[in-house]
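In what follows, a structure is listed as structure tokens, so that the remarks can point back to it.
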Amino acid sequence: MLNVETLSEASVTQQVNGRLVVETEGPGFIEITEALSRWVFGTGILNGLLTVFCRHTSASLLIQENADPDVRQDLLTALDRLAPREAGYVHSTEGPDDMPAHIRTMLSGVSLSIPVVEGQMVLGTWQGVYLAEHRDRPHTRDLIVHLIGA
């Protein structure tokens with residue numbers, strides 16, 4: 001039998017919205033864990049749920065290993081196999097990298113929900129939060145963050 005342990009309990013008394021702007025340099029992963037951690041701590045909310053939302057269709061969010069950079073390189077290689085740039089897509093108005101970027105975003109998602117306990121995001125030892133840029137050129141990516149709790 002599996003049992004769920006209660007980590008904290010409180011009424012929802014506060015919510016805070018914020019915005020994180022990320023400048024990218026082209027395809028790759030930008031770790032945003034530290035920026036999110038600072039923001040969560042600054043809200044004063046100790047226990048709740050953090051939502052991070054990416055307002056783009058060619059960039060995405062993910063939680064992934066942050067210890068070995070080879071993992072991120074292998075993930076990029078896997079995405080290249082799953083959504084190659086030269087696959088003859090019908091949608092190509094914005095360039096050959098646009099449709100593969102949409103597919104990669106569909107596969108990885110544009111929002112994350114992360115529990116917050118005692119003022120900290122509850123991530124695993126080797127987990128980090130990343131913005132994944134799927135376009136070939138630099139972009140400015142707009143993320144909306146929302147923390148609800150007490």
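So the sequence shown is residues 1 to 150, counted in the working numbering.
Beta carbons: idealized from backbone N, C-alpha and C, even for Gly.
Owing to the predicted nature of the structure, the values given are computational and were not obtained by experimental measurement.
Give every residue of the same chain whose Cβ lies closer than 7 angstroms to the Cβ of residue i, excluding the five residues on either side of it in the sequence, and list them in chain order.
| i | result |
| --- | --- |
| T43 | V16, L147 |
If you run the structure through DSSP and keep just helix, strand and coil, what is residue i?
| i | result |
| --- | --- |
| D136 | coil |
| E34 | helix |
| D80 | helix |
| L131 | strand |
| V12 | coil |
| L75 | helix |
| D70 | helix |
| E23 | strand |
| N3 | coil |
Using beta-carbon positions only, say whether residue i and residue j come within less than 8 angstroms of one another.
| i | j | result |
| --- | --- | --- |
| P138 | E23 | yes |
| T51 | T105 | no |
| L112 | L61 | yes |
| C54 | R141 | yes |
| V117 | L7 | yes |
| A59 | L131 | yes |
Does residue i pass the burial test, meaning 16 or more other C-beta atoms within 10 Å, or should it be called exposed?
| i | result |
| --- | --- |
| G48 | buried |
| D68 | exposed |
| G26 | exposed |
| A101 | buried |
| L82 | exposed |
| G95 | exposed |
Enumerate in chain order the residues of its own chain whose CB-to-CB distance from residue i is below 8 angstroms, with the five nearest sequence positions on each side excluded.
| i | result |
| --- | --- |
| A150 | A10, S11, V12, T13, Q14, I45, L46, N47, G48 |
Q: Run through the segment 39 to 64 for me and flag every whole beta strand (DSSP E) of 3 or more residues, listed as ranges in chain order.
A: Restricted to the segment 39 to 64, the beta strand (DSSP E) segments that are unbroken, complete and at least 3 residues in length are 48 to 54, listed in chain order.
Q: Report the residue ranges of all beta strand (DSSP E) runs contained in full by the segment 80 to 125; include only those spanning at least 3 residues, in chain order.
A: 111 to 117
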